[in-house]
């Protein structure tokens, strides 16, 4: 029997895919605006600029994107099947991405990256809302009950 997914699960998957796309866009913009990011980081740090190397924004952004996209892709499949551990893992992944976003804000990025960070935070909140929506919880409970049914076997 195939169960119908509630709209909240569909919306959670859509928001997560939007987050992956935003992460990819941020990685590409990090490569394109590498010099602006370094200049923005260095402003106000004149006394340190001669002795401290600027952060390596590009490799971090690219690795973060691939790790996030890979984890999200795998977890989406399990989440859509109704596995609660996937929902918990996605929640942790969103929390880690929020920490990464906040860490990026500490470097005083250009305005474009501030806007992208704000959009990412809104998407984080929307994803958490849909993943922990009442209909999503009911869907996941139903999947658990279906796999842990206590029906007596018909042995002779």
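Numbering (this note's numbering), first residue to last: 9 to 164.
For every residue, glycine included, the Cβ atom is placed at its ideal position computed from N, Cα and C.
Span separating the alpha-carbon of residue 147 from that of residue 125: Roughly 31 angstroms separates the two Cα atoms.
Sequence-distant residues of its chain with Cβ nearer than 8 angstroms to residue 48 (five each side left out): 115, 116, 117 and 118
Three-way DSSP call (helix, strand, coil) for residue 140 in this model: Note: residue 140 maps to coil in three-state DSSP.
Rounded straight-line distance, which links the Cα of residue 60 to that of residue 131: 34 angstroms
Backbone CA spacing between residue 89 and residue 16 [nearest angstrom]: 14 angstroms
Span of the alpha helix (DSSP H), counted from its first residue to its last, around residue 44: 42–50
Classification of residue 121 by the beta-carbon crowding that lies within 10 angstroms, buried from 16 upward: buried
Residues near residue 23 by beta carbon distance below 8 angstroms, same chain, minus five either side: Only residues of its own chain outside the window of five on either side were considered, and among them 131, 134, 135 and 138 have a CB closer than 8 angstroms to the CB of residue 23, listed in chain order.
From 98, 145 and 113, residue whose alpha carbon lies closest to that of residue 86: 98
Bounding residues of the alpha helix (DSSP H) (the contiguous stretch that carries residue 107): 92–113
Which of helix, strand or coil DSSP assigns to residue 64: coil
Nearest neighbour of residue 66, chosen from 92, 79, 96 and 32 [CA to CA]: 32
Simplified DSSP assignment, three categories, for residue 18: Here residue 18 sits in helix by DSSP.
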